[in-house]
Amino acid sequence: MSSCKELAQCEKDKICATFDLQQVIHLPISNENALFYKRRLANCNLLFYDIADGACNCFTRHEALSKRGSSEIATEVYMGLKAHDAKDGWMPGTKQK
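Under my numbering, the sequence shown has 27 at position 23, and the numbering climbs by one with no breaks.
Shown next, in the form of C-alpha coordinates:
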(Lines of atoms letter the chains of each structure in order from A and count residues from 1; the text may use other names and numbers.)
(Lines give C-alpha, C1' and ligand atoms only; values in the text may rest on other atoms or scores of the structure.)
Protein backbone atom coordinates (compact mmCIF):
# COMPACT_ATOMS: atom_id res chain seq x y z
CA MET A 1 0.00 0.00 0.00
CA SER A 2 2.84 2.42 0.74
CA SER A 3 4.31 2.05 -2.77
CA CYS A 4 0.87 2.83 -4.21
CA LYS A 5 0.66 5.94 -2.02
CA GLU A 6 4.15 7.10 -3.03
CA LEU A 7 3.40 6.58 -6.72
CA ALA A 8 0.15 8.58 -6.44
CA GLN A 9 1.96 11.40 -4.63
CA CYS A 10 4.65 11.65 -7.34
CA GLU A 11 2.49 11.21 -10.44
CA LYS A 12 -0.69 13.30 -10.54
CA ASP A 13 -2.36 11.07 -13.15
CA LYS A 14 -2.31 8.14 -10.67
CA ILE A 15 -4.61 7.64 -7.70
CA CYS A 16 -4.42 5.40 -4.65
CA ALA A 17 -7.87 5.29 -3.09
CA THR A 18 -10.22 3.12 -1.06
CA PHE A 19 -13.97 3.22 -0.70
CA ASP A 20 -16.26 1.98 2.04
CA LEU A 21 -19.99 1.32 1.78
CA GLN A 22 -21.20 1.90 5.32
CA GLN A 23 -24.21 0.44 7.10
CA VAL A 24 -27.77 1.56 6.41
CA ILE A 25 -29.00 4.28 8.77
CA HIS A 26 -32.77 4.56 9.29
CA LEU A 27 -33.92 8.13 9.90
CA PRO A 28 -35.48 9.76 11.81
CA ILE A 29 -34.21 8.24 15.04
CA SER A 30 -36.28 8.65 18.19
CA ASN A 31 -37.07 6.92 21.46
CA GLU A 32 -40.79 7.60 20.99
CA ASN A 33 -42.71 4.38 20.28
CA ALA A 34 -45.18 6.05 17.88
CA LEU A 35 -42.38 7.37 15.70
CA PHE A 36 -40.47 4.08 15.81
CA TYR A 37 -43.27 2.28 13.94
CA LYS A 38 -43.79 5.03 11.34
CA ARG A 39 -42.14 4.75 7.95
CA ARG A 40 -38.49 5.73 8.12
CA LEU A 41 -36.10 6.30 5.23
CA ALA A 42 -33.10 4.03 4.82
CA ASN A 43 -30.00 6.16 4.17
CA CYS A 44 -26.80 4.80 2.64
CA ASN A 45 -23.42 6.46 2.44
CA LEU A 46 -20.22 5.63 0.64
CA LEU A 47 -16.86 7.13 1.61
CA PHE A 48 -14.20 7.59 -1.07
CA TYR A 49 -10.78 8.17 0.51
CA ASP A 50 -7.74 9.35 -1.47
CA ILE A 51 -4.78 7.83 0.39
CA ALA A 52 -2.15 10.01 -1.30
CA ASP A 53 -3.42 13.39 -0.09
CA GLY A 54 -5.94 12.41 2.61
CA ALA A 55 -8.97 13.86 0.80
CA CYS A 56 -12.29 12.21 1.58
CA ASN A 57 -15.66 12.46 -0.19
CA CYS A 58 -18.88 11.18 1.37
CA PHE A 59 -21.75 10.33 -0.98
CA THR A 60 -25.08 10.06 0.85
CA ARG A 61 -28.44 9.06 -0.57
CA HIS A 62 -31.80 7.83 0.70
CA GLU A 63 -33.84 4.91 -0.61
CA ALA A 64 -36.24 7.16 -2.56
CA LEU A 65 -33.32 8.22 -4.78
CA SER A 66 -31.70 4.85 -5.38
CA LYS A 67 -31.10 1.36 -4.05
CA ARG A 68 -27.85 -0.33 -3.01
CA GLY A 69 -27.08 -1.90 -6.37
CA SER A 70 -23.80 -2.14 -8.21
CA SER A 71 -24.73 0.67 -10.60
CA GLU A 72 -25.27 3.14 -7.72
CA ILE A 73 -21.95 2.17 -6.12
CA ALA A 74 -20.16 2.41 -9.48
CA THR A 75 -21.66 5.88 -10.02
CA GLU A 76 -20.36 7.06 -6.64
CA VAL A 77 -16.87 5.65 -7.28
CA TYR A 78 -16.93 7.40 -10.68
CA MET A 79 -17.95 10.66 -8.97
CA GLY A 80 -15.05 10.24 -6.53
CA LEU A 81 -12.62 9.80 -9.43
CA LYS A 82 -14.06 12.87 -11.18
CA ALA A 83 -13.67 14.89 -7.96
CA HIS A 84 -10.02 13.81 -7.78
CA ASP A 85 -9.40 14.87 -11.38
CA ALA A 86 -11.22 18.20 -10.97
CA LYS A 87 -9.16 18.97 -7.85
CA ASP A 88 -5.96 19.05 -9.91
CA GLY A 89 -7.55 20.90 -12.82
CA TRP A 90 -7.11 17.86 -15.06
CA MET A 91 -9.93 15.91 -16.66
CA PRO A 92 -9.69 12.70 -18.72
CA GLY A 93 -9.34 13.43 -22.43
CA THR A 94 -7.44 16.69 -21.89
CA LYS A 95 -3.72 17.36 -21.81
CA GLN A 96 -2.14 17.21 -18.38
CA LYS A 97 -0.67 20.47 -17.06
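We put the beta carbon where it would ideally sit given N, CA and C, even for glycine. Fair warning: this is a prediction, and the values are worked out from it, not measured in the lab.
TODO: Return the CA-CA distance between N61 and A21, expressed in angstroms with no decimal places.
DONE: 11 angstroms
Open item on the list: Tell me the DSSP secondary structure of A46 in three-state form.
Closed with: strand
Open item on the list: Suppose you measure from the CA of Y30 to the CA of L85; what does that come to, to the nearest Å?
Closed with: Just to set this straight, residue 30 is His in the shown sequence, not Tyr. Taking the straight line from one Cα to the other gives about 28 angstroms.
- [ ] Output the boundary residues of the alpha helix (DSSP H) element that contains C8.
- [x] S6 to C14
Task: Rounded distance between the beta-carbons of F52 and V28, thought under 8 angstroms - done: Incorrect: roughly 18 angstroms between the Cβ atoms, too far for contact.
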